[in-house]
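Here the structure is laid out as structure tokens; the discussion comes afterwards.
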Amino acid sequence: MAKVLYEKDIQKEVLQGKKIAVVGYGSQGHAHALNLRESGHEVVIGLRPGKSQAKAEEDGFNVYPVAEAVEQADVVMILLPDEMQQKVYEESIKSNLKAGNALVFAHGFNIHFSQIVPPADVDVFLVAPKGPGHLVRRTYEEGAGVPALYGVYQDVTGNAKELALAYAQGIGAARAGVLETSFQEETETDLFGEQAVLCGGVTSLIKSGFETLVEAGYQPEVAYFECMHEMKLIVDLLYEGGLENMRYSISDTAQWGDFVSGPRVVNEDTKARMKDVLTDIQDGKFAKGWILENQAGRPQFNAINNQENKHQIETVGRELRDLMPFVKQSVKSKQKDVKV
Ligand code: NDP
Ligand code: MG
Ligand code: MG
1 MAKVLYEKDI
11 QKEVLQGKKI
21 AVVGYGSQGH
31 AHALNLRESG
41 HEVVIGLRPG
51 KSQAKAEEDG
61 FNVYPVAEAV
71 EQADVVMILL
81 PDEMQQKVYE
91 ESIKSNLKAG
101 NALVFAHGFN
111 IHFSQIVPPA
121 DVDVFLVAPK
131 GPGHLVRRTY
141 EEGAGVPALY
151 GVYQDVTGNA
161 KELALAYAQG
171 IGAARAGVLE
181 TSFQEETETD
191 LFGEQAVLCG
201 GVTSLIKSGF
211 ETLVEAGYQP
221 EVAYFECMHE
231 MKLIVDLLYE
241 GGLENMRYSI
251 SDTAQWGDFV
261 SGPRVVNEDT
271 KARMKDVLTD
281 IQDGKFAKGW
291 ILENQAGRPQ
301 FNAINNQENK
311 HQIETVGREL
321 RDLMPFVKQS
331 VKSKQKDVKV
């Protein structure tokens, strides 16, 4: 079994006296910065002028242009959108790193796919919380934490691992458990999880189920509740206690249907296609496509996004959720936050 580390396994001191620049103050940025500061570390923020800048200043941080924040820091955590990182790195970060600094990421994409090639004289590691930023912040405030992965890509000081662990502790992750990984494993499993299961798999499953019912003449509202709304109730049970706990809670009829029909829907063919998806991630085909899509100004991304937002399950869902204000509220507050 993988070794999980907790607070008692970590030397907090290695990060003490080091100035940390958190670059970006979005979902992860605000959570890391606030948690690190409350854990006793010195934090400055690197940003461009804008919405995040105002928020970081409101939260009492000294905010600098990215280059100036990096210039004065020992540890530089890059919490920009992945597709912006290369540009900002080339323009404002690279030339301001000093020998012995640490360059840190919360996702391995840019290093693993060589979009950022770090200088040879800095430590490079990742600390990747396995949860959205607002949860990283909220659980910290509650005295708990979100588990995280850490991984070392380059260790020039001989201290990179200890620094990564101390950083993980600073954001509260060591209260929940910290697990060692590599940039390769973190990047490939994160992309696979979101594509095949968490995001791509689930949205396609929900839409296909909804369409099957509606095309067979059932009311779209009933199909929505059955295929979308109830998903959360099931996922909560899975989260709390795995498949067994979920199956314990549902009726025996539902459980029998799960056993006999689930494998007819998601079968060996599906798994073979999952393997194709994984291959595209591993050999860099997916990354290349996404990088080119961004360079072209995201024509397909925007077109598909518009199309998806017009799907009947979305129009029906908006109407139904308007009648369930408790649902609407929580969705709003989480917009743009839950990235996986
Ligand atoms: P967000 O989109 O929430 O935040 C990005 C931040 O970067 C904003 O503060 C934005 O400020 C700032 N920014 C964007 N462009 C620039 C620029 N050119 N110069 C300076 N600042 C800029 O990102 P996330 O927090 O979601 O993601 C950050 C990293 O964390 C990524 O590597 C991601 O993969 C990783 N991650 C994210 C998770 C999540 O749940 N969100 C989970 C685990 C890892 P502005 O207001 O000016 O646009
Ligand atoms: Mg039912
Ligand atoms: Mg991801």
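Just so it is clear: in the sequence shown, position 232 is 232 by our numbering, and no numbers are missing. Beta carbons are placed, not taken as given, at the ideal position from N, Cα and C, and that holds for glycine.
Check: Touching by the beta-carbon criterion (3+ pairs, under 8 Å), the region 124-139 and the region 180-195; Outcome: yes
Check: Near ligand 3: residue 341 beta-carbon under 7 Å from a heavy atom; Outcome: This structure does not reach residue 341, given that the chain is present from 1 up to 340, and the question cannot be answered.
Check: Same chain, Cβ closer than 6 Å to residue 210, neighbours up to 5 away in sequence not counted; Outcome: 223, 227 and 313
Check: Nearest residue (CA-CA) to residue 80, options 215, 278 and 48; Outcome: 48
Check: Residue 7 beta carbon less than 8 Å from that of residue 247; Outcome: no
Check: Ligand 1 heavy atom lying under 7 Å from the CB of residue 128; Outcome: yes
Check: Where residue 205 falls: helix, strand or coil (DSSP); Outcome: helix
Check: Cβ-Cβ distance between residue 157 and residue 190 below 8 Å; Outcome: no
Check: Helix, strand or coil at residue 334 according to DSSP, with G and I counted as helix; Outcome: Note that residue 334 scores 47 on pLDDT, short of 50, meaning its location in the model is unreliable and no value can be drawn from it.
Check: Proximity test, residue 30 beta-carbon vs ligand 3 heavy atom, cut-off 7 Å; Outcome: no
Check: 7 Å Cβ shell around residue 110 - same chain, five flanking residues per side excluded; Outcome: 82, 85, 86 and 116
Check: Inter-residue spacing [alpha-carbon to alpha-carbon] between residue 162 and residue 60; Outcome: 28 Å
Check: Test item: CB-CB of residue 64 and residue 46 under 8 Å; Outcome: yes
Check: Within 8 Å, strictly: CB atoms of residue 120 and residue 74; Outcome: no
Check: Residue 332 versus residue 166 - alpha carbon distance; Outcome: Note that residue 332 has pLDDT 47, beneath the 50 cutoff, so the model's placement of it is unreliable and no number is given.
Check: Helix, strand or coil at residue 20 [DSSP, three-state]; Outcome: strand
Check: Heavy atom of ligand 3 within 7 Å of residue 226 beta-carbon; Outcome: no
Check: Contact under 8 Å by Cβ, residue 66 with residue 92; Outcome: yes
Check: Residue 81 Cβ short of 7 Å to ligand 1 heavy atom set; Outcome: yes
Check: Beta-carbon spacing of residue 145, residue 173 below 8 Å; Outcome: yes
Check: Rounded C-alpha distance that separates residue 154 from residue 100; Outcome: 11 Å
Check: Any non-hydrogen atom of ligand 1 closer than 7 Å to residue 51 Cβ; Outcome: yes
Check: Of the residues 58, 78 and 186, the one placed nearest residue 282, counting alpha carbons only; Outcome: 186
Check: Cβ-heavy atom distance, residue 47 to ligand 1, below 7 Å; Outcome: yes
Check: Whole-Å CB distance - residue 30 paired with residue 170, under 8 Å assumed; Outcome: That pair is no contact at about 14 Å.
Check: Three-state secondary structure (DSSP) of residue 116; Outcome: coil
Check: Beta-carbon gap between residue 316 and residue 221 smaller than 8 Å; Outcome: yes
Check: Outcome for residue 70 when other beta-carbon atoms lying within 10 angstroms are tallied against a minimum of 16; Outcome: buried
Check: Reduced DSSP category for residue 14 - H, G, I as helix; E, B as strand; rest coil; Outcome: helix
Check: Distance, residue 251 Cα to residue 287 Cα; Outcome: 43 Å
Check: Endpoints, the alpha helix (DSSP H) within which residue 301 is located; Outcome: 299-309
Check: Buried or exposed by the 16-neighbour rule on C-beta atoms within 10 Å, applied to residue 342; Outcome: Nothing in the structure corresponds to residue 342, since the chain is present only between 1 and 340.
Check: Rounded C-alpha distance that separates residue 168 from residue 289; Outcome: 32 Å
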